[in-house]
Amino acid sequence: MKKSLIVALASVGLASAPALAAADWTYEGPRGADRWGQLHKDFEKCEAGIMQSPIDLGQANATGDIDVDVNWQAGPLTVLHNGHTVQANFAEGSTMVSGGKSFKLVQVHFHTPSEHTVDGKAYPLTAHFVHAADDGALAVLGVMFEAGDANAELQKLVDAAPMKKQAAQTVAGASFDPRKLLPEDRAVYRYMGSLTTPPCSEGVNWHVLSTPVEASPAQIAAMEQAMGMNARPVQLLNGRLLVAPE
Ligand SMILES: [Zn+2]
Numbered sequence: 026m027k028k029s030l031i032v033a034l035a036s037v038g039l040a041s042a043p044a045l046a047a048a049d050w051t052y053e054g055p056r057g058a059d060r061w062g063q064l065h066k067d068f069e070k071c072e073a074g075i076m077q078s079p080i081d082l083g084q085a086n087a088t089g090d091i092d093v094d095v096n097w098q099a100g101p102l103t104v105l106h107n108g109h110t111v112q113a114n115f116a117e118g119s120t121m122v123s124g125g126k127s128f129k130l131v132q133v134h135f136h137t138p139s140e141h142t143v144d145g146k147a148y149p150l151t152a153h154f155v156h157a158a159d160d161g162a163l164a165v166l167g168v169m170f171e172a173g174d175a176n177a178e179l180q181k182l183v184d185a186a187p188m189k190k191q192a193a194q195t196v197a198g199a200s201f202d203p204r205k206l207l208p209e210d211r212a213v214y215r216y217m218g219s220l221t222t223p224p225c226s227e228g229v230n231w232h233v234l235s236t237p238v239e240a241s242p243a244q245i246a247a248m249e250q251a252m253g254m255n256a257r258p259v260q261l262l263n264g265r266l267l268v269a270p271e
């Protein structure tokens, strides 16, 4: 092997170590949301994408009654902290049908404050219920929390929420019913967007319930303490269809 090639390979090796470390992203600071697209080649959509999430929902350009069928059920409570958010994983058996397509409920995770805004207003807490279809397509149902009465089902998550990065653990004897985190009114905003975290992959079917639910100030504060500020700033709509409930 020629010496120049060995040197070249060595420098590739040196360069790849910081590149891997750069994939460790944050919300603020030098690896913050405005720089995600430069941290790793797999993150380029975060900067170059034109169908990104979250967005401000107040700029809807259509109205319609979007039919979303939520067919969830109670199951074990399995909670993890991935370093960015508190997440609960679901067992098989819960689905959501949107646009005639069935998606399986995979996990719910949280953001403080909410990522989507309405006319510039963020809610103090949001939950994102992530669903995946058999073909890999993703659909998210978002619910906003406002300060008010405590939500008993949310409290199960608050009590189990790790304060820092921790692998999934199932809470012995606990049953968690995700339906109890939803409002009765299932009217939604609907648009096509992206993951709100790197790699910011597009093609995500977004639904955000227009009616918020309540959580107590103490519950909101506990989630914020566990996660810190973990909301990506709103992105440009770029002419996408955004349907608001009628
Ligand atoms: Zn999310």
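Number 49 in the numbering used here belongs to position 24 of the sequence shown; there are no gaps in the numbering.
No residue lacks a Cβ here, since even glycine has one placed at the ideal position from N, Cα and C.
**Request:** Might you give, ordered along the chain, the residues of its own chain that have their beta carbon closer than 7 Å to the beta carbon of residue 85, omitting 5 neighbours on each side?
**Result:** Sequence-distant Cβ neighbours of residue 85 in its own chain, meaning closer than 7 Å and more than five residues away, are 214, 267, 268 and 269.
**Request:** Name the residue from 211, 254 and 247 whose alpha carbon lies nearest to the alpha carbon of residue 90.
**Result:** 211
**Request:** Mind the definition here: the stretch 139 to 149 touches the stretch 248 to 259 only if three or more C-beta pairs lie below 8 Å; say whether that holds.
**Result:** yes
**Asked** Which of the three DSSP states, helix, strand or coil, is assigned to residue 27?
**Response** A caution first: residue 27 carries a pLDDT of 41, below 50, which makes its placement in the model too unreliable to give a value.
**Item:** Every unbroken beta strand (DSSP E) within the stretch 172 to 201, with a cutoff of 3 residues, ordered by chain
**Value:** Runs of beta strand (DSSP E) with 3 or more residues, each lying fully within the stretch 172 to 201, are found at 191 to 201, listed in chain order.
**Prompt:** Going by Cα to Cα distance, which pick from 170, 261 and 130 is closest to residue 234?
**Reply:** 170
**Request:** Output the distance between the C-alpha atoms of residue 264 and residue 50, rounded to the nearest integer angstrom.
**Result:** 29 Å
**Request:** Buried or exposed for residue 118, please, with buried defined as at least 16 other CB atoms from any protein chain shown within 10 angstroms of its CB.
**Result:** exposed
**Request:** Would you mind sorting residue 98 into buried or exposed? The rule is 16 or more other CB atoms within 10 Å of its CB.
**Result:** exposed
**Asked** Which one of 57, 204, 259 and 232 has the shortest CA to CA distance from residue 109?
**Response** 57
**Asked** Which residue's Cα is closest to the Cα of residue 19: 262, 201, 225 and 113?
**Response** Coverage of the chain is limited to positions 26 through 271, which leaves residue 19 absent and any answer about it impossible.
**Prompt:** What residues in its chain sit with their C-beta under 6 Å from that of residue 41, if we drop five residues either side in the sequence?
**Reply:** With a pLDDT of only 42 at residue 41, under 50, the local geometry of the prediction cannot be trusted, and no value is derived from it.
**Asked** If you run the structure through DSSP and keep just helix, strand and coil, what is residue 262?
**Response** coil
**Request:** Rounded to whole angstroms, what's the CA-CA distance from residue 196 to residue 168? Just pull it up for me.
**Result:** 24 Å
**Request:** Just the C-alpha distance for residue 251 and residue 88, rounded to the nearest angstrom, thanks.
**Result:** 37 Å
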